[in-house]
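The listed protein sequences correspond, in order, to chains A and B.
To get my numbering, take the position in the first sequence, counting from 1, and add 148.
To get my numbering, take the position in the second sequence, counting from 1, and add 148.
Don't be surprised by glycine CBs; every beta carbon is placed ideally from N, CA and C.
Worksheet: one structure, shown below.
2 protein chains.
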Amino acid sequence: MGPAIYAIPLCGGTTAPRQLLSFEERRKLSHIALIRRFEAGAFLFRETEQATEIFNIVAGVVKTTTTLADGRQSTVAFFFNHDLLGMFEAGYYSQTAEALTSVTTYSFPIDSLVPLLRKDPDLQFHFFSKVLDELRVAQRQALVLGRFGAAQRIALFLDLLDRHPEMHRSGGPSISIPMDRSDIADYVGLTVESVSRTLQRLHRAGIIYLDGRHAFEIRDRVALDRLIGGTVAADDQTLFPAL
Amino acid sequence: MGPAIYAIPLCGGTTAPRQLLSFEERRKLSHIALIRRFEAGAFLFRETEQATEIFNIVAGVVKTTTTLADGRQSTVAFFFNHDLLGMFEAGYYSQTAEALTSVTTYSFPIDSLVPLLRKDPDLQFHFFSKVLDELRVAQRQALVLGRFGAAQRIALFLDLLDRHPEMHRSGGPSISIPMDRSDIADYVGLTVESVSRTLQRLHRAGIIYLDGRHAFEIRDRVALDRLIGGTVAADDQTLFPAL
DNA sequence: CGGAATCTTGATACTGGTCAACTAGAGTGG
DNA sequence: CCACTCTAGTTGACCAGTATCAAGATTCCG
């Protein structure tokens, strides 16, 4: 079918993400694209490596991380179907990308992609829109990490998974969690222990149902949304009778 | 002199930010640009307004904020000289922009700018690079808010000001702080009280010198860098004898 | 079935938030 | 020019939430 980029369009009236590329654009991109597959745990690229390609995910989940000065790894973002990753700076990748599941991607060699974008302003505009989309996500993430408590952070994270149709297991209510607790912890800025505690608390409160380590269901959408809205104080006894 | 965009170039070998626009591009942009001035406290635009123009700052400082579900305002970013702001989504501004000082900008009407970008891929590529730059800043901000303590956050914020030459008062070591404590607090994800306490602590530790409310000097660059590096534990007695 | 991760749970410490009082500056009007 | 006032900022005491440290429980995988 060819590469695909989902994002909220810049100018179109919609607030809902949609496919940005026209049939013709997808064909053009196919032309320079390679299909590449990665096993779970494999690296798509590492930070400080010279940037050679940009990836468009077709299946699977990828996380990107940066190494802090003290050696800790910090998860920057998760990438799902129809996302673009491999944005670079001064010719070098600024993050490390690791496959969390087995992953299928289109790979655009930068040497082919950049000329294509410079020649085709409309196509470039769609890449541009996708990056703006990522910018908003990153800004929202900063906001969440700066001001929200553990329950809200976890709720937002679960909502992120819920929003991705490919995380829903075959029609049922079960949503898969492709990453392990420490990935989640790195992403939401908590410790593994706090992630675990918070998940269990939401589980015991009946808001979610934890189905093993790598799946969950949303049992009380309203309560979850209230948490995400940021309206609920931590001492809300209705939500956290077990506190 | 015309509009100017500073950022780390995508492909060039440099990691240092530099002017991205060619003389010719600046001329083209001048052609569609209006000069607009704002008093301190004035709004350049408000969230949910229809997006009509994009701004390029020539002088002054702007903050952008979003309103949370519970009514709190949260500062998303500060914009300085040669920055671009007014990025939008689905035709509407997603943030509110307020002048912190008196501000001079070039204003590009979107109706003129978008066609120009669609016609001129190289120019668009420079806007693209600037947005990628902002994306990295936002991701770094998320990282900082998620993992660092108060001292590190404040140190990073002071470093941000230091990096902007126009914040340095006439050659001297004094750096101006154009925003008030609550803006800082909103930005770094702390309360006003914690910002105050942390600034005073850095002051008493001799790392910075607070010169009134709206200026400071860096007295111990090495210690500040160590904080920023994230290497220093909060209990480091060399840095915080007063703890 | 056994060993090794991963995850959960509990006890305690510490950072930063909250609430409240106090101080310093900036502006105002007599 | 000097009180007066009002806002912004600082400081202190106390508390809540999360990190940390330390076991235990599960799950995964050979």
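Interface with chain B (8 Å Cβ-Cβ cutoff): Met327(A) is excluded. Cα atoms of Gln289(B) and Ala333(A): separation of roughly 17 Å, rounded to the nearest angstrom.
In this chain, the beta strand (DSSP E) harbouring Ala245(B) covers Thr244 to Ala247.
Within 10 angstroms of the beta-carbon of Leu232(A) lie 16 or more other beta-carbons, which makes it buried.
In summary, the residues of the segment 228 to 245 of chain A whose CB is separated from some CB of chain B by less than 8 Å are Met235, Phe236, Glu237, Ala238, Gly239 and Ser242, in the order they occur in the chain. Residue pairing for Tyr357(A): DSSP places it in a beta bridge opposite Glu365(A). Within the same chain, no residue comes within 6 Å of Arg166(B) by CB-CB distance, once the 5 residues on both sides are set aside.
Close partners of Val224(B) in chain A (Cβ separation under 8 Å): Gln287, Ala290 and Leu291. Counting of Cβ neighbours within 10 angstroms places Gln348(B) among the exposed residues, the total staying below 16. Neighbourhood of Thr163(A) in chain B, by CB distance below 8 Å: Glu237 and Ala238, in chain order. With respect to the 8 Å criterion, Ile355(A) and Asp373(A) are not classified as neighbours on the basis of their beta carbons. By the C-beta criterion, the segment 290 to 307 of chain A is judged to be in contact with the segment 215 to 234 of chain B, since at least 3 inter-stretch pairs fall below 8 Å. Segment contact: the segment 317 to 333 of chain B against the segment 235 to 255 of chain B, three or more CB-CB distances shorter than 8 Å; contact assigned. In the three-state scheme derived from DSSP, where H, G and I count as helix and E and B as strand, Thr346(B) is classed as helix. Counting only residues of its own chain and dropping the five nearest sequence neighbours on each side, Phe275(B) has a CB closer than 8 Å to the CB of Ile153, Leu232 and Leu265.
The criterion of a C-beta distance shorter than 8 Å is satisfied by Leu280(A) and Leu158(A).
Here the segment 191 to 211 of chain A does not lie against the segment 295 to 304 of chain A, with fewer than 3 beta-carbon pairs under 8 Å apart.
Runs of the beta strand (DSSP E) lying entirely within the segment 206 to 250 of chain A and spanning at least 3 residues, in chain order: 210 to 215, 221 to 227 and 244 to 247. Fewer than three Cβ pairs drawn from the segment 210 to 220 of chain B and the segment 171 to 180 of chain B lie within less than 8 Å of each other, which leaves the two stretches out of contact. Val279(A) has a beta carbon lying within less than 8 Å of a beta carbon in chain B.
Around Gly337(A), the beta-carbon contacts reaching into chain B at under 9 Å are Ala290, Leu291, Leu293, Gly294 and Arg295. For Leu280(B), no beta strand (DSSP E) encloses it; the enclosing alpha helix (DSSP H) starts and ends at Pro269 to Arg295. At least one CB atom of chain B sits nearer than 8 Å to the CB of Thr214(A). Under DSSP, the beta-bridge partners assigned to Leu182(A) are Ser255(A).
The three-state secondary structure of Ala371(B), taken from DSSP, is helix. The continuous beta strand (DSSP E) containing Leu192(B) extends over residues Phe191 to Phe193. Contact of Phe186(B) with chain A by beta-carbon distance below 7 Å is absent, the smallest such distance being about 22 Å. Contact annotation: in the segment 254 to 269 of chain A, residues whose CB is within less than 9 Å of a CB in chain B are Ile258, Val262, Leu265, Arg266, Lys267, Asp268 and Pro269. Counting every other CB atom within 10 Å of its CB across the protein chains shown gives Glu201(A) a total of 16 or more, marking it as buried.
Taken atom to atom, the span from the alpha-carbon of Ala363(B) to that of Glu187(B) is near 20 Å.
As a beta-bridge residue in DSSP terms, Phe203(B) pairs with Leu233(B) and Ser255(B). Contacts between Gly160(A) and chain B, judged by CB atoms closer than 7 Å, involve Ala238 in chain order. For Leu283(B), at least one C-beta of chain A is nearer than 8 Å to its own C-beta. Excluding sequence positions up to five before and after Lys278(A), its CB lies within less than 6 Å of the CB of Ile153, Ala155 and Leu232, all in the same chain and listed in chain order.
Checking the DSSP bridge columns, you'll see Arg266(B) has no partner listed.
Not a single CB atom of chain A sits nearer than 8 Å to the CB of Pro313(B).
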